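Trainee: This is the structure I have questions about; it appears just below.
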Amino acid sequence: MTKHSAFSAEDAAPAQPARRFTSYPPASCRTAAAQAATGSWLDAAARRAEHDDWMEKHPSALAEFEAVLGAAKGKQVVMFLDYDGTLSPIVKDPDSAVMTDEMREAVRGVAERFPTAIVSGRCRDKVFDFVRLAELYYAGSHGMDIKGPTAQSKHAKAKAEAVLCQPASEFLPVIDEVCRALTASTAAIPGATVENNKFCLSVHFRCVQEEKWRALEDLVRSVLKDYPDLLLTKGRKVLEIRPSIKWDKGNALQFLLEAQGFADSNNVFPIYIGDDRTDEDAFKVLRSMGQGIGILVSKIPKETSASYSLQEPSEVKEFLHKLVKSKQRD
1 MTKHSAFSAE
11 DAAPAQPARR
21 FTSYPPASCR
31 TAAAQAATGS
41 WLDAAARRAE
51 HDDWMEKHPS
61 ALAEFEAVLG
71 AAKGKQVVMF
81 LDYDGTLSPI
91 VKDPDSAVMT
101 DEMREAVRGV
111 AERFPTAIVS
121 GRCRDKVFDF
131 VRLAELYYAG
141 SHGMDIKGPT
151 AQSKHAKAKA
161 EAVLCQPASE
171 FLPVIDEVCR
181 ALTASTAAIP
191 GATVENNKFC
201 LSVHFRCVQE
211 EKWRALEDLV
221 RSVLKDYPDL
231 LLTKGRKVLE
241 IRPSIKWDKG
251 NALQFLLEAQ
261 GFADSNNVFP
271 IYIGDDRTDE
281 DAFKVLRSMG
291 QGIGILVSKI
301 PKETSASYSL
311 QEPSEVKEFL
321 HKLVKSKQRD
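In my numbering, the protein residues as written are 1 to 330.
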């Protein structure tokens with residue numbers, strides 16, 4: 001072990017008189033620094049103003065909960081919930097997007113009091129495995145695979161378990177074929193994963209280095225060029241491939257309302273909560289109906305047709321709890 005001698009006073013250089021700067025930094029430097037500071041402050045102020053303006057148009061559904069209750073008074077509330085980013089946080093591994101037990105109990109409480117459906121881009125069976133509540137309606141593959149409750153529910157119609165809608169069933173062989181092709185072609189991109197959602201596909205790139213995103217999209221497009229009947233859209237760090245038919249989450253919402261006997265009813269109040277671009281189709285349907293409300297889950301301002309906002313799944317859980325308590329007061 002090397003021994004280091006102590007630093008003695010004799011080793012130190014003689015003390016020098018303190019230096020005094022007789023000039024300031026050049027004016028150009030002072031101006032640039034001031035401009036940078038001012039620009040940063042202005043950017044922050046602009047972001048705050050943008051956020052405040054957005055929140056004024058899409059206020060918190062928690063802060064305005066009494067207004068929501070007032071609008072729903074005397075009407076049958078029907079709940080529609082997205083899964084990823086709404087009931088569970090967005091995670092790197094799609095198979096790890098597990099909802100908490102507390103969230104499950106919140107959803108169970110709502111389903112005991114209101115007809116409730118999960119509407120997700122995921123495979124219906126996979127969403128059911130995550131949620132594990134048999135009394136709900138499940139609409140997977142962006143609403144292209146719908147099934148009613150498999151357990152008794154006081155809200156469900158007598159033959160609810162027979163409710164089934166699969167408008168894209170003819171595309172199943174093509175989806176499987178494209179899934180195999182995409183899995184093979186994207187294997188060269190580390191972190192890319194292909195998820196088969198039965199009637200649609202998801203190519204996840206949350207774990208892909210940003211400089212590889214363009215290459216991944218090019219690979220996906222090169223596969224899809226031979227399948228003109230499939231549509232490519234973008235979500236949150238995911239590329240979605242689905243049949244180009246006139247069916248989306250908005251159509252699924254309308255189908256589920258009709259299946260539950262609420263078609264053309266003025267006494268229904270649908271509440272749809274979601275965080276994804278595909279949820280906008282449902283928000284737009286509610287706007288066109290002039291009934292119910294859409295709630296966007298987002299921490300940042302986004303263009304949306306939703307009426308209200310919540311920041312994250314924890315706020316969704318709180319909103320669901322408040323709904324349950326409001327029903328208990330009735």
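Just so you know, even glycine gets a beta-carbon here, dropped at the ideal spot from N, CA and C. If you're wondering where the values come from, they're calculated on a predicted model, not measured in any experiment.
#1: Could you pull out every residue in the same chain whose Cβ sits closer than 8 angstroms to the Cβ of P17, ignoring the five residues on either side in sequence?
#2: Could you compute how far the alpha carbon of Y227 sits from the alpha carbon of A45?
#3: Please name the residue, chosen from K75, H58, A67 and S222, that lies closest to N267 on a Cα-to-Cα basis.
#4: Which one of L296, D264, N197 and C123 has the shortest CA to CA distance from S305?
#5: Whole-angstrom Cβ separation of E240 and G121, contact assumed at under 8 angstroms?
#6: Using the Cα positions of D145 and V127, report the straight-line distance between them to the nearest angstrom.
#7: A117 lies in the beta strand (DSSP E); which residues open and close that run?
#8: Got a sec? Which residues, its chain only, sit under 6 angstroms from K157 by beta carbon, not counting five neighbours each side?
#9: So is E195 in contact with chain C if we call contact Cβ pairs under 7 angstroms?
#10: Assuming W54 and P301 form a contact by the criterion Cβ under 8 angstroms, report the distance between their Cβ atoms to the nearest whole angstrom.
#11: With C-beta atoms as the reference, is L62 less than 7 angstroms away from I273?
#12: Taking the beta carbon of S314 as the centre, do at least 16 other beta carbons fall within 10 Å, making it buried, or is it exposed?
#13: Could you name the residues of the same chain whose beta carbon sits closer than 8 angstroms to that of P59, not counting the 5 residues immediately before and after it, in chain order?
#14: Which runs of the beta strand (DSSP E) spanning at least 3 residues fall entirely within the segment 258-305, listed in chain order?
Mentor: This is what the structure holds:
#1: In the sequence shown, the residue the question calls residue 17 occupies position 17. Unreliable placement is indicated for P17, whose pLDDT of 47 sits below 50; no coordinate value is reported for it.
#2: Translated into positions along the sequence shown, residue 227 becomes position 227. Translated into positions along the sequence shown, residue 45 becomes position 45. Rounded to whole angstroms, Y227 and A45 show a C-alpha spacing of 47 angstroms.
#3: Within the sequence shown, the letter at position 267 stands for residue 267. The residue with the shortest Cα to Cα distance from N267 is K75.
#4: Position 305 of the sequence shown, counted from the start, is the residue given in the question as residue 305. Ranked by Cα distance from S305, the first of L296, D264, N197 and C123 is L296.
#5: The residue labelled residue 240 in the question sits at position 240 within the sequence shown. The residue labelled residue 121 in the question sits at position 121 within the sequence shown. The beta-carbon distance between E240 and G121, rounded to whole angstroms, is 6 angstroms. This is short enough to meet the 8 angstroms contact definition.
#6: What you label residue 145 is simply residue 145 of the sequence shown in a count that begins at 1. What you label residue 127 is simply residue 127 of the sequence shown in a count that begins at 1. The straight-line gap from Cα to Cα measures roughly 11 angstroms.
#7: For the purposes of this step, residue 117 is taken as residue 117 along the sequence shown, with counting starting at 1. Boundaries of the beta strand (DSSP E) around A117: T116 to V119.
#8: If you number the sequence shown from 1, residue 157 lands on position 157. Low local confidence applies: a pLDDT of 48 at K157 is under 50, so the model's placement there is unreliable, and no value is given.
#9: Absence of chain C from the displayed structure is noted, only one protein chain being present.
#10: Walking along the sequence shown from the start, residue 54 turns up at place 54. Walking along the sequence shown from the start, residue 301 turns up at place 301. Sure, about 4 angstroms apart at Cβ, within 8 angstroms.
#11: Residue 62 sits at position 62 when you count from the first residue of the sequence shown. Residue 273 sits at position 273 when you count from the first residue of the sequence shown. Using a Cβ distance threshold of 7 angstroms, L62 and I273 do not count as a contacting pair.
#12: Here residue 314 is taken as the residue at index 314 of the sequence shown, counted from 1. It counts as exposed.
#13: Indexing the sequence shown from 1 puts residue 59 at position 59. So the qualifying residues of the chain are Y308 and S309.
#14: Fully enclosed beta strand (DSSP E) runs of 3 or longer: 268-274 and 293-297.
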